[in-house]
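Student: Numbering (my numbering), first residue to last: 4 to 466.
Don't be surprised by glycine CBs; every beta carbon is placed ideally from N, CA and C.
Fair warning: this is a prediction, and the values are worked out from it, not measured in the lab.
Structure provided below as structure tokens; questions to follow.
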């Protein structure tokens, strides 16, 4: 297989779309556009270092070179054991990373103790490499996305295939990421253009677009409409000068939905049918239509200042929230919606501090945080049937001495991903993401160890 053919294979497999500059020896070549796209994605660096002005499209590809191409394409970071014939080889580290990800199995089955790094890649071998690579980092089959403050990553639920989608060189802010309903795109907040704005990109990190380049404030809490055509977010200028905004997924139709007075605004979420956006508005939980009409009060404050985390159930029948009180006696609540203030029900009343986290995909259960059973206990995760949220018996999911939040269910409802944060000791301010199998309670770490700036994750929902 030639380097040009390899470029075409990778471009189609990874669905790369953005083109970059051509090499000096690819002008008019049958694979010129594919090679350009590969270069723009940072997967190829040319064939004549350090200048790298040529690509050598008709040269054969070795197995070692293919390892380097795939490591860059998938942004693989974890190294594994070396093969007996790769020690000291120029591509030794790339081959090791490829083996750790399960993409290569060696060249001398069944022992597979050698890799044969200088052998030419055949089309059959290329197909096998790509099949395993796409299984390791599949687009559209349930990747977990999260931000680290400086970059957006995706990773498989077992922790493999960690991949940086943003790679912004100037250490700009990139966080608050959420998958589109069909799993094909991501919305996130970035200040790469100077101001924290709402951006979208494809699932592979391509086609990055700033949707809100002209908003005056700091964009926060972006969330997709159920049809994936609009995005609601908060524009924060300062203090309580905040607005609930909406914009189409192509950047058109930007509108302010809350133009009356200056109130604290936060935590927007669409109802399942897209007819309303529920959100924090001053000391209330309110709802409004996406066209800015029909503003209505769902729950008023209880005297003290409240800062609810608001979420609508997947079936559209419930709204959950956290009421954070000045005296520290925080509580979690549910209400059928549409409804009225009197129908709110507290989740497990009597606990020291409860915080609503997430509904299961079918809405039948929910996860919340509680300091129950005593004043000295750490906040841990509990799950309970939604219908018995007030009086039922919750299931304790965790028993740790770290802070846990940011819960998101897998699309099938069998697992959760959440953030563990350290609030004291040498690791204060650091966090990591873990996935829990709800049947076995087995926990797998899926992010780098205890890093700063980890944002709440989101799990890809693929059709």
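Which partner residues of residue 424 appear in the DSSP bridge assignment?
Tutor: 406 and 434
Student: At what residue ranges does the stretch 25 to 50 contain a whole run of the alpha helix (DSSP H), taking only runs of 4 or more?
Tutor: 35 to 43
Student: Please work out which residues of its chain come closer than 7 Å, Cβ to Cβ, to residue 364, disregarding the five sequence neighbours upstream and downstream, and give them in chain order.
Tutor: 317, 412, 414 and 416
Student: Specify, as a first and last residue, the run of the alpha helix (DSSP H) that residue 73 falls within.
Tutor: 66 to 77
Student: Is residue 215 helix, strand or coil by DSSP?
Tutor: Looking at residue 215 - three-state DSSP - the assignment turns out to be coil, as it is neither helix nor strand.
Student: In the DSSP output, what is residue 449 paired with across the bridge?
Tutor: In the DSSP output, where bridge partners are listed per residue, residue 449 has none listed.
Student: Residue 284 CB to nearest chain C CB: under 9 Å?
Tutor: Looking at the structure shown, chain C is missing, and only one protein chain is on hand.
Student: Give me the Cα-Cα distance between residue 110 and residue 53, rounded to the nearest whole angstrom.
Tutor: Residue 110 and residue 53: Cα-Cα distance of roughly 30 Å.
Student: Could you give the distance in angstroms between the alpha-carbon of residue 449 and the alpha-carbon of residue 168?
Tutor: 16 Å
Student: Does the stretch 447 to 462 come within contact of the stretch 146 to 155, defined as at least 3 CB pairs closer than 8 Å?
Tutor: yes
Student: Between 60, 372, 209 and 391, which has its C-alpha nearest residue 382's C-alpha?
Tutor: 372
Student: Applying the criterion that 16 or more other CB atoms from any shown protein chain within 10 Å of the CB defines a buried residue, is residue 442 buried or exposed?
Tutor: Exposed: under 16 other Cβ atoms inside 10 Å.
Student: For the pair the stretch 97 to 105 and the stretch 178 to 198, tell me if three or more CB-CB distances fall below 8 Å.
Tutor: no
Student: Residue 296: buried (16+ other C-beta within 10 angstroms of its C-beta) or exposed?
Tutor: exposed
Student: Since residue 97 and residue 70 are thought to touch, with beta carbons under 8 Å apart, how far apart are those beta carbons, to the nearest angstrom?
Tutor: 4 Å
Student: Do you know offhand how far residue 126's Cα is from residue 202's?
Tutor: 38 Å
Student: Would you identify the three-state DSSP class for residue 457, choosing helix, strand or coil?
Tutor: coil
Student: Should residue 422 be labelled buried (16 or more other beta-carbon atoms within 10 Å of its own) or exposed?
Tutor: Its Cβ being crowded by 16 or more others within 10 Å, residue 422 is buried.
Student: One question on the structure: do residue 3 and residue 23 come within less than 9 Å of each other, judged by their Cβ atoms?
Tutor: Nothing about residue 3 can be read from this structure; the chain reaches only from 4 to 466.
Student: According to DSSP, residue 439 sits in a beta bridge with which residue or residues?
Tutor: According to the DSSP secondary-structure assignment, residue 439 is paired through a beta bridge with 419 and 446.
Student: Near residue 65, which residues of its chain fall below 7 Å by C-beta distance, leaving aside the five closest residues on each side in sequence?
Tutor: 120, 121, 122, 123 and 124
Student: Residue 204: buried (16+ other C-beta within 10 angstroms of its C-beta) or exposed?
Tutor: Looking at its Cβ environment, which holds 16 or more other Cβ atoms inside 10 Å, residue 204 is buried.
Student: Taking the continuous beta strand (DSSP E) assigned at residue 99, which residues delimit it?
Tutor: First-last for residue 99: 95 to 103, but that is the alpha helix (DSSP H), not the beta strand (DSSP E).
Student: Excluding five sequence neighbours on each side, which residues of the same chain lie with their C-beta closer than 7 Å to the C-beta of residue 259?
Tutor: Excluding five sequence positions before and after residue 259, the CB atoms of its chain that fall closer than 7 Å to its own CB belong to 246 and 248, given in chain order.
Student: Which whole-angstrom value is the C-beta distance of residue 461 and residue 35, which I expect to be below 8 Å?
Tutor: Actually they are not in contact, since the Cβ atoms of residue 461 and residue 35 sit about 37 Å apart, beyond 8 Å.
Student: State the DSSP-derived secondary structure class of residue 192, mapped to helix, strand or coil.
Tutor: strand
Student: Among 407, 219, 57 and 95, whose alpha-carbon lies nearest the alpha-carbon of residue 434?
Tutor: 407
Student: Using the C-alpha atoms, what's the distance from residue 116 back to residue 108?
Tutor: 9 Å
Student: Would you kindly check if the distance between the Cβ of residue 160 and the Cβ of residue 438 is under 9 Å?
Tutor: In this structure, residue 160 lies closer than 9 Å to residue 438 by Cβ.
Student: Give the DSSP bridge partners of residue 413, in chain order.
Tutor: Bridge partners of residue 413: none, in fact.
Student: Based on Cα-Cα distance, which residue from 13, 431 and 398 lies nearest to residue 75?
Tutor: Checked all of 13, 431 and 398; the closest Cα to residue 75 is 13.
Student: Can you look up residue 250 in the DSSP assignment and give me helix, strand or coil?
Tutor: strand
Student: Residue 160 lies in the alpha helix (DSSP H); which residues open and close that run?
Tutor: Where residue 160 is concerned, there is no enclosing alpha helix (DSSP H), given that its DSSP letter is neither H nor E.
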